[in-house]
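Protein chains in written order, with this note's numbering: chain A, 198 to 462; chain B, 487 to 1267.
The beta carbon of each residue, even a glycine, is placed where N, CA and C say it ideally should be.
As structure tokens, the structure follows; a few thoughts come after it.
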């Protein structure tokens, strides 16, 4: 690790100021990506600004047809929350399947979305459920949020404060774990929100994406066999020693069918 | 002294004495050692697989505040240090010519031959400063063509790793009667051929390699704490071959060692380099490998490709076996590297099955990759995989039942003792009985229902078996010394070495049991070249076989000496004295003394016979093994395969092992289960992958897939103890490696069984989801 300064603000204004004052400032949410890359000397922030003491960023609020999750909410808290378990069980299950207990006790939903790892689970939840990303400046519809590998619509210094999920009629997330990292080699979230069907795919491409042909088919008939005959093009998908792009394309089909089945059962 | 005493704790599952220390963070590993004035070394490693070093500019690094010294191959060469020799037991080509051994300097001189090879060393006040200084060293490389794959390296026109090894061949080896093998093949009804890959793996010990070196200018003595499995032999090599000093000038210690699995058997460059650094700066120097550096610089294991041929009659009787192997050595010979694919993989060819003739031939091949050295089993898992995989394959393609083929061909008990076609001395055992007991554990009756349940969920279930035969190895000698201390404790030092497997418990258990002392009174020492005059380290499943025998032999010597003392005090002769239940007594009299009384007397000149010195019970003896032992057993696995995704899940596992006498079943279970987990890791998950240019693609735990607890099924472990061996004092046969000898073939056989309906005949390890999915698609195309 290279030397760095630490700031631990207790409100958003102080966090913003710390960022403005810093040379190469980085926000620390759960630290499940940032700390390892700093240890490997792949990141060298001048100042690390820890967000964990900002009370505005915590908490889960269920109300009406929405659930709002504070950005610093740990995965384990989402997995164990009774309101989420009732309203969006697929989201509770997804959160409970991230990493291992240590990761779930430290990692946060805001950190995961801001990082936008191509194989992370939460981007699939946000995109698949049609969430809204709330920041200290604005609200961003999820379809405008993910911009590419490790890239989002967030401006420099912009802080996610919460994520608002609509309550779906039904949803399910199914993933195949990467054998080494246990991230998603491919993960598919299928959700029906009102009359809209959304299918979000993580792990397969440089960034999470929607499988629109599958969405159209499931909108007509929300059953696994509605997906029969739909193939995903392998072009542009991730290709590495663990899974070729052809295999990933195949997995999207298999996992989407399984997710659709789980969503209706 | 014909039998070991009854209360002797043999066969007792004594809880591990060392675990409290380990589990509460009180173990003493290399990074726990902190000495006054200690500096920190970091290694600059080559990013090229093959390149000439045209220039190194370390001036900027040297000027960084806190940097104490920087040195490169040029300084190393000028200082006149020696190279690291290989100790391979096989040293001759088939034609009698010598093994091709390139010079292995601790640091690259003028040319690098694998990614991760050390090109410069920085010593600084802190580790961070040393790492920072590495970034400031400028190395100019002229890249050369590299070769990483075995078949590519052995092909004509391949880039040459060493000029002295044409065709990249280090060694060309043959064992067995080729003429008899050819005759058996000619007479057989069927010859089945199978190409097999034994995937390249690495040990990933939880404690990375590391060392601390100190130098005392007054005595010119070095002290080296090293995360090593083999401190005596490695002391000799480091001192005499590399540092060119007398071995008495190097005190070599390994405190608690957090896993080795073979990867810490050999002599590595870094400890040698920091000995030099410590002398240069006159301060102790510590070096600890990062995890990423470990993947680049720990010796790897396996990496063999083989063509296996099985000849059998139309009734399924095996006649002959022929295996042709290429084994990867990496860029250097390693400490015993060339032995593994040659001698190490030859001896157990054919497993516990009966053959007219077997011939094994192998070439050890240099490539531009990290050196290979022993990895748990070192050749025996490869041989076991070859025979037990081709049995299932032959059964499948020829229409035999694999279970019938095994039962028909296992060497019957009546044939023992025997010498195998590969020259192994199999003194005792009962392979068919062990196989039968394993199969009896496997709940075959419930299999049909489990298979149907799997089918109902769209899954495929399979069952696989391996009947293995292996052999022990490693140094033949071991020393155990006891020291009865005046605080009432008994010191026990053994030259063998635990890297976590529980010697502190098992050896203490043997001594305490034999002498009827409390195990808590035994103070155990290992890993110190000053504590025992010799030691064979850890490797070849030799700990209990050789080390345990040394402890028993020393215990017996203590009892014999105790009898002399008791006889003197009873005014009789020692042949009249017996030792039972912790007491020395003369039957038919009321003469009796406890062992504690005798220990006290042994320190009291007034109570000792003339010419016997106080402290006479402080005895050390060396046990030397004659012939290696033959552990054997049978593994069975059940797996479930998801044919849509290719994901394999091992669901059940059963093993019966013949390890001879079991000293501590708890420890034996740990060895078996850990070994099986390691074997499952190799079969399903683990693989070191280099690209064609020699870059390591699996350089972290984000790409190298280690097994987790949920990859490992519940295991049912049993022991066949009816055939203790007479080759050592305890009747033990060695338990350390067997688990990963039997697991890969059992798992792969089970997966191939599950996929039989698709026409899948074979899949090379590791059986990753994509490989399984592709195999199903290819078979159906």
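Would you be able to state if there are at least three C-beta pairs under 8 Å between the region 952-971 of chain B and the region 1216-1235 of chain B?
yes
Rounded to the nearest angstrom, what separates residue 488 (chain B) and residue 981 (chain B) at their Cα positions?
Interpretation of residue 488 (chain B) is limited by its pLDDT of 34, a score under 50 that renders its predicted location unreliable; the figure taken from the coordinates is listed afterwards. Straight-line Cα distance between these residues: approximately 26 Å.
Chain-ordered residues of the region 352-366 of chain A with a beta carbon less than 8 Å from chain B
none
If you draw a straight line from the C-alpha of residue 1232 (chain B) to the C-alpha of residue 1167 (chain B), how long is it?
13 Å
Any idea if residue 695 (chain B) is buried or exposed, counting beta-carbon neighbours within 10 angstroms, 16 or more meaning buried?
buried
Applying the criterion that 16 or more other CB atoms from any shown protein chain within 10 Å of the CB defines a buried residue, is residue 424 (chain A) buried or exposed?
buried
For the beta strand (DSSP E) containing residue 922 (chain B), list its first residue and its last residue.
Element bounds for residue 922 (chain B): not the beta strand (DSSP E) but the alpha helix (DSSP H), 917-927.
Since residue 1255 (chain B) meets chain A, which of its residues come closer than 9 Å, beta carbon to beta carbon?
Simply 373, 376, 382, 439, 440, 444, 448.
Exposure label - residue 771 (chain B); buried when at least 16 CB within 10 Å:
Classification for residue 771 (chain B): buried.
For residue 871 (chain B), collect the residues of the same chain with a Cβ closer than 7 Å to its Cβ; drop the 5 residues on either side in sequence, then sort them by chain order.
682, 684, 1230, 1231
The alpha helix (DSSP H) with residue 668 (chain B) in it runs from where to where?
664-673
Grab me the residues of residue 1236 (chain B)'s own chain with a C-beta within less than 7 Å of its C-beta, minus the 5 sequence neighbours each way, in chain order.
So the list reads 948, 949, 950, 1123, 1124, 1125, once near-sequence residues are dropped.
Closest by CA to residue 435 (chain A), which one among A:419, A:404, A:417?
A:404
Which residues of chain B have a Cβ atom closer than 7 Å to the Cβ of residue 398 (chain A), listed in chain order?
Below the 7 Å Cβ cutoff, chain B contributes no neighbours of residue 398 (chain A), its closest Cβ being approximately 15 Å away.
Bounding residues of the alpha helix (DSSP H) (the contiguous stretch that carries residue 890 (chain B)):
888-895
Neighbourhood of residue 1267 (chain B) by C-beta distance below 6 Å, restricted to the same chain and skipping five residues each side
none
Three-state secondary structure (DSSP) of residue 1003 (chain B):
coil
With DSSP collapsed to three states, give me the class of residue 1276 (chain B).
As displayed, chain B neither begins before 487 nor continues past 1267, which places residue 1276 (chain B) out of reach and without an answer.
When DSSP builds the beta bridges, which residues end up paired with residue 385 (chain A)?
As DSSP reads the structure, residue 385 (chain A) sits in a beta bridge with A:371, A:398.
Run through chain B and tell me which residues come within less than 8 Å of residue 390 (chain A), C-beta to C-beta.
Around residue 390 (chain A), no beta-carbon contact reaches into chain B at under 8 Å, the shortest distance being about 27 Å.
Cβ distance (whole Å) where residue 225 (chain A) is taken to contact residue 246 (chain A) below 8 Å
7 Å
At a CB-CB cut-off below 7 Å, which residues of chain B make contact with residue 451 (chain A)?
1130, 1131
Limits of the alpha helix (DSSP H) - the one that residue 1256 (chain B) falls within:
1255-1266
Bounding residues of the beta strand (DSSP E) (the contiguous stretch that carries residue 812 (chain B)):
804-816
For residue 1047 (chain B) and residue 1085 (chain B), believed in contact at Cβ under 8 Å, the rounded distance:
The Cβ separation is near 11 Å, so there is no contact.
Just verifying my parser: in three-state terms, what is the DSSP assignment at residue 792 (chain B)?
strand
Name the one or two DSSP bridge partners that residue 798 (chain B) has.
B:676, B:804
Residues of its chain near residue 491 (chain B), where Cβ-Cβ distance is below 6 Å and the 5 sequence neighbours each way are ignored:
With a pLDDT of 47 at residue 491 (chain B), under the threshold of 50, the modelled position of this residue cannot be trusted; read the value that follows with caution. Contacts found: none.
Assuming the contact rule is C-beta atoms closer than 8 Å, residue 209 (chain A) and residue 333 (chain A) should be a hit. Round their C-beta distance to whole Å, please.
Contact flag correct, Cβ pair sits at about 5 Å.
What does the alpha-carbon distance come out to for the pair residue 298 (chain A) and residue 865 (chain B)?
38 Å
Residue 553 (chain B) to residue 776 (chain B), Cα distance in whole Å?
Answer to the nearest angstrom: the Cα atoms are 20 Å apart.
Segment contact flag, the region 652-667 of chain B with the region 710-725 of chain B, C-beta cutoff 8 Å, min 3 pairs:
No: fewer than three Cβ pairs fall under 8 Å.
With contact counted as at least three CB pairs below 8 Å, one residue from each stretch, are the region 734-744 of chain B and the region 705-714 of chain B in contact?
yes
Going along the region 230-242 of chain A in order, which residues come within less than 8 Å of chain B, judged by CB to CB distance?
237, 238
Reduced DSSP category for residue 1050 (chain B) - H, G, I as helix; E, B as strand; rest coil
helix
Buried or exposed for residue 235 (chain A), please, with buried defined as at least 16 other CB atoms from any protein chain shown within 10 angstroms of its CB.
By the neighbour-count definition (other C-beta atoms within 10 Å, threshold 16), residue 235 (chain A) is a buried residue.
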